[in-house]
Amino acid sequence: MSNTLILQDTVSPGINDVHHEHVHHETFISKYVFSQDHKMIAKQFLITGMIWAIIGGLFSVLFRLQLGYPDSTFPFLEDLLGHWAKGGKLQPEFYYALVTMHGTILVFFVLTAGLSGTFANFLIPLQIGARDMASPLLNMLSYWFFFLSSIIMFSSLFVQTGPASGGWTIYPPLSALGDASSGSKIGMDLWLVSMAMFIISSLLGGLNYISTILNLRTKGMSMTRLPLSIWALFFTAVLGVLSFPVLLSGAILLLFDRNLGTSFFLSDIVIAGKILPNEGGSAILFQHLFWFLGHPEVYIILLPAMGMSSEIISVNSRKPIFGYMAMVGSLFAIAILAFLVWAHHMFVTGLNPFLGAFFVLLTLLIAVPSAIKVFNWLTTLWRANIRFTPAMLFAIGFVSMFISGGLTGIFLGNSALDIHLHDTYFVVAHFHIVMGVASFFGMFAGVYHWFPKMYGRYLNNTLGYIHFWVSIIGAYLIFWPMHYEGLAGMPRRYYDFSMWESFKMFAGLNQFISFISMIVFVVQLLFVFNFFYSIFKGRKVTSLNPWGSNTLEWTTPIRPGHGNWPGEIPEVHRGAYDYGKDGREFISQVEPVGENESAH
Amino acid sequence: MTEILLIAIVLMIFVVIFQIAKASEYVSVLKGEEKSRKQNNKINAFMLISFLVLGLAGVWWCNDLYYGKTLFPQGAASDHGEKIDLMLYITIGVTGVVFLITQVLLFWFSFKYQENDNRKAYYFPHNTKLELIWTTVPAIFLTVLVVFGLKYWFKMTGEAPKDSVIVEVTGHQFGWEFRYPGTDKILGKKNYKLTKGANSLGVDFSDPASLDDLHVNVTMHLPVGKPVKLVINAQDVLHDVGLPHFRLKMDAVPGIPTTMWFTPLYTTEQMKAKTGNPNFTYEISCDQMCGKGHFSMRGMIIVESEEDYNKWIASQQPEYFTIFPDKKPKSPTDPIADTTNKQVKLAAILPTVK
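Taken in sequence, the protein lines are chains A and B. Take the first sequence: its position 73, counted from the start at 1, is 73 in my numbering, and no numbers get skipped. Counting from 1 along the second sequence, just add 1000 to a position and that's the residue number in my numbering.
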């Protein structure tokens, strides 16, 4: 079982020596800016992600203002946004730009880079027992490509014709033709270039995560002894490496269609009175390319949250995670199925019904590994001895959200029902709960749990509790009623419903949702404040292992330097989940198996 | 001014919350961290179980408030829609039970097994039998849902009946246009390169079948109780024909026509009575993001008795004559009005279309 680790023995001492020399000539630039220390890169990802989350969240508040109060004007908007909010009212074009950027930012910049960028970087070397990533240089470049991508996307907010406004899914021809929308002018080119940079960043990161997990595990750390957080991050990286390049190809073809006169996605188009010469392309082809990434992307966002929640639930239940192998197996099954279900986003595009049937079957199949995971989490809680740290509460919140949002997936994956529910608020509610809120909760759980390891200080607990309770109550208040709007067929991405006989009765509800979303947004700022305040002023961590956890990161010093362990990397003798075994509260992975110890 | 005040209030609340949080940290140090941790644990466990109870009550209340506003109480207005509603109820039933069980267990376990010095966590790493149960049971339920779903899916996406009324729907930024095939029941050919001026759909008038086609904007008329087949096109970007009352939806894609068929079950007047809403309208919403006017891309359908429908059809003038008024026949018996007669010598009257 542990024979796969020979490589590690020869590699780690070498790295160890190198780092000991380096520690002494660190400058500000090499320590905080162009750092190759995985922990610093993780923090860079996290903080950049948080800045993006504030921007993306603020955008949602702005467009919810329009949705909730379509008849009101807000003069301060005009001061802030100029001609985009003439007379204090968001212009439709800008409303759509906000919706588009909200989706893009949250999906890619926050929940992909901010989530797996942070925790893959932070946890992989620490939990598998490695000095650093397989290639610290590529790792650093991964962050800086993400930074470059961020800068380009951010600059698109300031071009005169506005940022991309065709929805985060950027379906052509809308996104391909400058005449179709002002957001499809230079803003769209910037979006595509930014995304290309983002994909490079994600590939550099992903390849690094995979090779690190496969090659740099410490002695005794067989694959079956890995914490579930690492398994989840591993599958996440595999998904990213195999699917992001497909989006890159789609983005490049779209750039060609936009700028070089090709017709990959264009055919038979008359726009703004002009008859375009493009013939023979297929707008649907783009959707296949997009969703071949787009669907795995959902799991790229969700799996790290699943893995970290599993870890945190087990630690704070003081019980082994129930069915470790089933948890790994279900992660694997989800990762495989993630590649085989993309066309369930396209049931109403005129897809061949026979082909659609396969996608229905494979989509609903995902419910089986998901059910295994949920029941395993529940069984882990059964007869546990639970400590409600803010991290644990967010992990429980994650499970609750995953259940609520996962079940509505059964509606949408069934093509006949999707005919009615497609692109309505039912979909908005579904994916916000299952991949938005659930993943955010997983991310918060991770931040609260590993903050002491990151900064050697604790986050303020009371603020953590307030953050959790307002967030979970608010999230349900915002998204639960949206299901009803969706069942009534209310379409998403509408700027104003007041002219629609079928949808205008939800005006009051929309106002309520907007109001709650503002409160929830403000409370997220409380978390941001807690985060930055605690970095400098938080209560200091005094014990090596504050949560009583088995995993390797808690065998490092309270504030580990570059290289993580000052001496030898500890050897691992057991799996990560020996909690409550033989009457002992927890048994660290580094403790050898005792002679009288019971087997599993 | 109000904004500044609002921001000031929010900031103040912020500061107050922060001070309380800071103070609670000091208090916990004074009280003993272990003790205050246990107290927090109790409070949060209680909050979790309260959240479950209040949450479930909230779900009930929300349902009470909004179920009436979904379209279900009034029923679907098409045959396919009725099947979709039935499936929705079944799926809501199945997932509702699972939702209830899992959420109750999640919060109840959290409450019941909160930290307690007198209890040790039970070491229970795995149990193959249990895991097999919750692999197979969901699989069985899902099989049922898939079988149901696919049966309806194939029915709905299958061929439309031969006697269907055919209507061509064209979406463009930001409106809908409709074309009826006229007496010959054949839609004339189109070529997007012919789109110019009054010929806004690019109809190819060199095709004899196009001469009797009707072209109407915004409002589509349909007869009740007869199958309808929509042939869907887009001129510029993607659109989507969304028919919430019929529970149907189909994308409009430039260059790739799509189809959808259904049978309307109630006339607009009947629906007005059924819903008690004198303003009831069958609306066509665009359900695929199409640009700044997406939200205003509204079409309407009037479903009427076959008699009224035929009257309406008869009152419409073929598009050919609205575009070329000089070609309009002087008497109704003129052979041009009936293009089913393919032998008619058309060449003489055809305009040269480039």
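No residue lacks a Cβ here, since even glycine has one placed at the ideal position from N, Cα and C.
Considering residue i, what are the terminal residues of the alpha helix (DSSP H) in which it resides?
i: SER1285 (chain B); result: Segment 1282–1286 is the beta strand (DSSP E) holding SER1285 (chain B); no alpha helix (DSSP H) there.
i: ASP418 (chain A); result: 415–421
i: PRO125 (chain A); result: 118–128
i: ILE29 (chain A); result: Counting along the chain, ILE29 (chain A) falls outside any alpha helix (DSSP H), and DSSP gives it neither H nor E.
Taking 9 Å as the cut-off, decide whether the C-beta atoms of residue i and residue j are in contact.
i: SER517 (chain A); j: VAL61 (chain A); result: yes
i: VAL368 (chain A); j: ALA333 (chain A); result: yes
i: ALA196 (chain A); j: PHE265 (chain A); result: no
i: ASN460 (chain A); j: TYR533 (chain A); result: yes
i: LEU1251 (chain B); j: PRO1318 (chain B); result: It should be pointed out that residue 1251 (chain B) corresponds to Asp in this sequence rather than to Leu. Not closer than 9 Å, so no.
i: LEU81 (chain A); j: GLN66 (chain A); result: no
i: PHE451 (chain A); j: GLY397 (chain A); result: no
i: SER30 (chain A); j: SER135 (chain A); result: no
i: PRO1254 (chain B); j: ALA1234 (chain B); result: yes
i: GLU501 (chain A); j: THR1070 (chain B); result: no
i: PHE74 (chain A); j: GLY88 (chain A); result: yes
i: LEU544 (chain A); j: ILE558 (chain A); result: yes
i: LYS1190 (chain B); j: ILE275 (chain A); result: no
Thinking just about the alpha-carbon of each residue, which of the options is nearest to the one in residue i?
i: ASP1287 (chain B); options: B:VAL1016, B:LEU1238, B:PRO1181, B:TRP1060; result: B:LEU1238
i: VAL1053 (chain B); options: B:LEU1088, B:LEU1105, B:LYS1038, B:ALA1021; result: B:LEU1105
i: LYS1083 (chain B); options: B:MET1297, B:LEU1248, B:TRP1312; result: B:LEU1248
i: ASN1194 (chain B); options: A:ASP268, A:LEU365, A:ARG225; result: Looking at the sequence provided, one finds Leu at residue 1194 (chain B) rather than Asn. Looking at the Cα atoms, A:ASP268 is the closest of the given residues.
i: PHE394 (chain A); options: A:ILE252, A:MET140, A:PHE527, A:LEU331; result: A:PHE527
i: THR1267 (chain B); options: B:HIS1221, B:MET1260, B:GLY1293, B:MET1289; result: B:HIS1221
i: GLY413 (chain A); options: A:PHE431, A:SER502, A:ALA305, A:SER400; result: A:PHE431
i: HIS422 (chain A); options: A:LEU141, A:PHE244, A:GLU485; result: A:GLU485
i: SER243 (chain A); options: A:LEU381, A:ASP582, A:ILE336; result: A:ILE336
i: PRO227 (chain A); options: A:GLU553, A:TRP168, A:SER498, A:MET505; result: A:GLU553
i: ALA97 (chain A); options: A:PHE426, A:THR161, A:HIS295, A:ILE54; result: A:THR161
i: VAL1097 (chain B); options: A:LEU289, A:ILE403, A:GLY561, A:TYR476; result: A:ILE403
i: LEU487 (chain A); options: A:ASN530, A:TYR425, A:THR363; result: A:TYR425
i: TYR32 (chain A); options: A:TYR577, A:HIS562, A:VAL572; result: A:HIS562
i: LYS1274 (chain B); options: B:LEU1230, B:PHE1109, B:LEU1187, B:ALA1076; result: B:ALA1076
i: LEU463 (chain A); options: B:ASN1118, B:LEU1005, B:PHE1174, B:PHE1014; result: B:PHE1014
Taking the beta strand (DSSP E) that residue i falls in, what are its first and last residues?
i: TYR1192 (chain B); result: First-last for TYR1192 (chain B): undefined, no H or E at that position.
i: PHE1178 (chain B); result: 1175–1180
i: LYS1155 (chain B); result: LYS1155 (chain B) -> not in any beta strand (DSSP E); alpha helix (DSSP H) instead, spanning 1128–1157.
i: TRP1261 (chain B); result: 1258–1262
i: GLU1304 (chain B); result: 1298–1304
i: MET435 (chain A); result: Per DSSP, MET435 (chain A) belongs to no beta strand (DSSP E) and is neither H nor E.
i: ASP1251 (chain B); result: 1248–1252
i: ALA1234 (chain B); result: 1228–1234
i: VAL1165 (chain B); result: 1165–1172
Using the beta-carbon count (16 or more within 10 Å), is residue i buried or exposed?
i: TRP377 (chain A); result: buried
i: GLU279 (chain A); result: exposed
i: TYR579 (chain A); result: buried
i: GLU595 (chain A); result: exposed
i: GLU1168 (chain B); result: buried
i: ALA1057 (chain B); result: exposed
i: ILE284 (chain A); result: buried
i: LEU509 (chain A); result: buried
i: LYS661 (chain A); result: Nothing about residue 661 (chain A) can be reported from this structure: the residues present for chain A run from 1 to 600 only.
i: GLU1131 (chain B); result: buried
i: TRP52 (chain A); result: buried
i: PRO592 (chain A); result: exposed
i: ASP964 (chain B); result: With chain B covering only 1001 through 1354, there is no way to say anything about residue 964 (chain B).
i: ARG318 (chain A); result: buried
i: ASP582 (chain A); result: exposed
i: VAL1147 (chain B); result: exposed
i: HIS420 (chain A); result: buried
i: ILE587 (chain A); result: buried
i: LYS1292 (chain B); result: buried
Inset, instruction - With a floor of 4 residues, list each alpha helix (DSSP H) that falls wholly inside the region 355–402 of chain A, ordered by position along the chain. - result: Taking 4 residues as the minimum length, the alpha helix (DSSP H) runs contained wholly in the region 355–402 of chain A are 367–381, in order along the chain.
Legend entry - Length at least 4, wholly inside the region 225–285 of chain A: the alpha helix (DSSP H) runs in chain order: Every unbroken stretch of the alpha helix (DSSP H) spanning 4 or more residues and falling wholly within the region 225–285 of chain A is given here in chain order: 228–259.
Inset, instruction - Entirely within the region 1068–1112 of chain B and at least 4 residues each: give me those alpha helix (DSSP H) ranges in chain order. - result: Runs found: 1079–1112.
Legend entry - In chain order, each alpha helix (DSSP H) run of at least 4 residues that lies wholly inside the region 457–510 of chain A: For the alpha helix (DSSP H) assignment, the uninterrupted runs of no fewer than 4 residues enclosed by the region 457–510 of chain A are, from N- to C-terminal side, 461–479, 482–487.
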